[in-house]
Amino acid sequence: MVVSLYQSEYESLRTLLRSMRMSAGFTQSQLAVALGVGQSYVSKIERGENFVDVLLFAKWCGVCGVQAGAALDSLHLDGTEVNEPGLGASAGDMASGS
88 MVVSLYQSEY ESLRTLLRSM RMSAGFTQSQ LAVALGVGQS YVSKIERGEN FVDVLLFAKW
148 CGVCGVQAGA ALDSLHLDGT EVNEPGLGAS AGDMASGS
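In the numbering used here, the protein residues as written are 88 to 185.
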């Protein structure tokens, strides 16, 4: 089975990631610094040119103050976003499992 970056599920994920970044008040460059990646990498993820792996997803959520589990719960498998994930978890909270 060939996996495409242009499936509706990935579009919903990209929309969620971009929304989290913008809600947290980060530019792509600022988020990239916090994640330890280049700005172009963040841009390519948001445009659908690169996949995001689970570790970067968790870090992205933490930097933006969103619990990774809440972010995943806000997505439907059919590609529709249910609601915005809850804010408030810090990267430290995520690491400790709270």
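Cβ atoms here follow ideal geometry from the backbone N, Cα and C, with glycine treated the same way.
Check                                                                                 : Outcome
Integer Cβ distance of LEU122 from VAL150, believed to fall under 8 Å                 : 6 Å
Residue span of the alpha helix (DSSP H) that contains SER161, given as start and end : Taken as a continuous stretch (DSSP letters only), SER161 belongs to no alpha helix (DSSP H), as it is neither H nor E.
VAL153, DSSP secondary structure in three states                                      : strand
Exposure of ARG134, with buried meaning 16 or more beta-carbon neighbours within 10 Å : exposed
GLN94 in three-state terms, based on DSSP                                             : coil
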